[in-house]
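To keep things clear, I will list the structure first and then write my remarks on it.
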Amino acid sequence: PIPESLIASLDSLTSEQSSEVELFSMSYLPSKQKSQFVKLKGLTGKFPYYGKFLTEPTSAATSFKRGKYALVDDGMMLQYNLEVGDSIKLGEITFPIHGRLMSVFGNLDMGSSFAPSVYISGEQVSATKLIQPGSLVNYKNYYKVDMSTDLDEWKKERRQRFRNESIRVTTVEDQRENLQEAFSNLNNFLNIVALISLLLACIGVASSVLIYVKSKVQSIAILRCLGMKSAEAFMVYFLQIFVLGVLSVIVGIAIGSIIQIILPIVLKGFLPYEVNMTISSSAIIKGFLMGIISTTLFALGPLLSVRNITPLKTLRISDD
Numbered sequence: 003p004i005p006e007s008l009i010a011s012l013d014s015l016t017s018e019q020s021s022e023v024e025l026f027s028m029s030y031l032p033s034k035q036k037s038q039f040v041k042l043k044g045l046t047g048k049f050p051y052y053g054k055f056l057t058e059p060t061s062a063a064t065s066f067k068r069g070k071y072a073l074v075d076d077g078m079m080l081q082y083n084l085e086v087g088d089s090i091k092l093g094e095i096t097f098p099i100h101g102r103l104m105s106v107f108g109n110l111d112m113g114s115s116f117a118p119s120v121y122i123s124g125e126q127v128s129a130t131k132l133i134q135p136g137s138l139v140n141y142k143n144y145y146k147v148d149m150s151t152d153l154d155e156w157k158k159e160r161r162q163r164f165r166n167e168s169i170r171v172t173t174v175e176d177q178r179e180n181l182q183e184a185f186s187n188l189n190n191f192l193n194i195v196a197l198i199s200l201l202l203a204c205i206g207v208a209s210s211v212l213i214y215v216k217s218k219v220q221s222i223a224i225l226r227c228l229g230m231k232s233a234e235a236f237m238v239y240f241l242q243i244f245v246l247g248v249l250s251v252i253v254g255i256a257i258g259s260i261i262q263i264i265l266p267i268v269l270k271g272f273l274p275y276e277v278n279m280t281i282s283s284s285a286i287i288k289g290f291l292m293g294i295i296s297t298t299l300f301a302l303g304p305l306l307s308v309r310n311i312t313p314l315k316t317l318r319i320s321d322d
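If you want it as structure tokens, here you go:
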């Protein structure tokens, strides 16, 4: 736990405070006779100060703190077909499920898929007897600080003490920077995935064109015998590949646009907020040009071999 002396110095900053005890534990669902690994959070105070818990029913966002109740993550409720009023056992205490937790403002936790969150009153945590010697527990204190307070200077003056006590201090500005960094990293990752996908697709185009040209060697040789020049033979097959490339890019753009429209509708029940999607004409034009250019460049290599096919190929039998 956070030392009392440090809590006293923190209390001097603000008139509003909340605390949270967080630990991982097994839970038991009596009605389903099944167990589930959960992230248990015991909360006291009026946190969050900005935003709110989104719950069903709405009143459960605050009333769960006033008794022996639990808020259970909506994903877990759906997984086990639980309803408000069912029970969940945490340690030695069985809690009625007071509401389903849809989302928590400012929560960037990505581990809810394997450890869904369960909220109870902070006063009930000790009664569960889950905190034992050796338990890994995170203690968090939240403070609503006056806007005139210079938090950066305050943190700087106490940095060494926080380090000695293994305490981490995070402000709203830190959260904002972390959120921006998370989205930036996600954007970079998706860009890399898109680039790799494009390169693999281009390699596939080159391989397909090479196989296609090999299958048309005899036809090209016959055309050469009829008087067609090598440049003309190249242009015939180049136009075929180019038209196929244009059609493929158009189909890809159409499928991508349809998915972009349908996906928010499909995921509407899982998202805590409404997503408005728009089709960007500039992105479509850039994607179209990039697709045509990359397809053409990777197809040129195999197509250049058409220029080397001579009329004599009609008289040769190849095992290639």
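In the numbering used here, the protein residues as written are 3 to 322.
All C-beta atoms, glycine included, are put in the ideal place defined by N, C-alpha and C.
Given the structure is predicted, the values throughout are model-derived calculations rather than measurements.
Backbone secondary structure at residue i - three-state DSSP
i	result
serine 284	helix
asparagine 83	coil
methionine 112	Only weak support is given to the placement of methionine 112: the predicted model assigns it a pLDDT of 48, under 50, and the value that follows is read from those uncertain coordinates. If DSSP states are grouped into helix, strand and coil, methionine 112 belongs with coil.
asparagine 180	helix
glutamate 155	helix
isoleucine 95	strand
valine 171	coil
tyrosine 214	helix
isoleucine 90	strand
leucine 314	helix
Exposed unless 16 or more other CB atoms sit within 10 angstroms - verdict on residue i
i	result
methionine 79	buried
glutamine 182	exposed
arginine 226	buried
alanine 235	buried
isoleucine 63	Note that residue 63 is alanine in the sequence shown, not isoleucine. Label assigned to alanine 63: buried.
methionine 279	exposed
aspartate 154	exposed
proline 5	exposed
glutamine 297	As written in the sequence, residue 297 is threonine, which differs from the glutamine given in the question. Under this definition threonine 297 is a buried residue.
methionine 104	buried
glutamine 162	exposed
valine 245	exposed
lysine 288	exposed
glycine 178	It is arginine, not glycine, that sits at residue 178 in the sequence shown. Exposed, by the Cβ-count rule.
phenylalanine 164	exposed
lysine 67	buried
isoleucine 260	exposed
leucine 314	exposed
glycine 303	exposed
serine 61	exposed
glutamine 81	exposed
isoleucine 198	exposed
glutamine 134	exposed
serine 209	exposed
valine 268	exposed
methionine 112	Since pLDDT at methionine 112 reaches only 48, below the 50 mark, its modelled position is unreliable, and the value read off the structure follows with that caveat. Label assigned to methionine 112: exposed.
Close Cβ partners of residue i (< 6 Å) along its chain, the five nearest in sequence each way excluded
i	result
phenylalanine 49	Ser20, Tyr144
glutamate 18	Lys146
proline 32	Ser89
Spatial neighbours of residue i in its chain, beta-carbon cut-off 8 Å, leaving aside the 5 residues before and after
i	result
valine 174	Tyr52
phenylalanine 290	Val251, Ile252, Ile255
asparagine 166	none
phenylalanine 26	Phe39, Val40, Lys41, Leu42, Ala117, Leu138
threonine 312	Ala223, Arg226
aspartate 176	none
threonine 96	Pro32, Ser89, Ile90
serine 128	none
Counterpart residues of residue i in DSSP-defined beta bridges
i	result
glycine 146	Checking the displayed sequence, the identity of residue 146 turns out to be lysine instead of glycine. According to DSSP, which records beta bridges pairwise, lysine 146 is partnered with Glu18.
threonine 130	Note: threonine 130 sits in no beta bridge, so no partner.
glutamate 58	Arg102
glutamine 162	Glutamine 162 is not bridged to any residue.
methionine 28	Phe39
valine 23	Gly44, Tyr141
aspartate 75	Leu103
tyrosine 121	Lys43, Leu73
Proximal residues to residue i (C-beta, below 7 Å), its chain only, five neighbours per side dropped
i	result
glutamate 94	Thr130, Lys131
arginine 102	Thr57, Glu58, Val74, Asp76, Met79, Val86
valine 207	Thr297, Phe300, Ala301
isoleucine 294	Gly247, Val248, Val251
C-beta neighbour in chain C for residue i, strict 8 Å
i	result
threonine 46	Of the protein chains in the structure, only one exists, and it is not chain C.
Self-check item: Touching by the beta-carbon criterion (3+ pairs, under 8 Å), the region 258-269 and the region 216-232
Solution: no
Quiz item: Three or more beta-carbon pairs under 8 Å between the region 152-171 and the region 36-49, yes or no?
Solution: Not touching, per the Cβ criterion.
Self-check item: the region 188-198 touching the region 63-74, judged by at least three CB pairs closer than 8 Å
Solution: Of all C-beta pairs linking the region 188-198 to the region 63-74, fewer than three are shorter than 8 Å, placing the two stretches out of contact.
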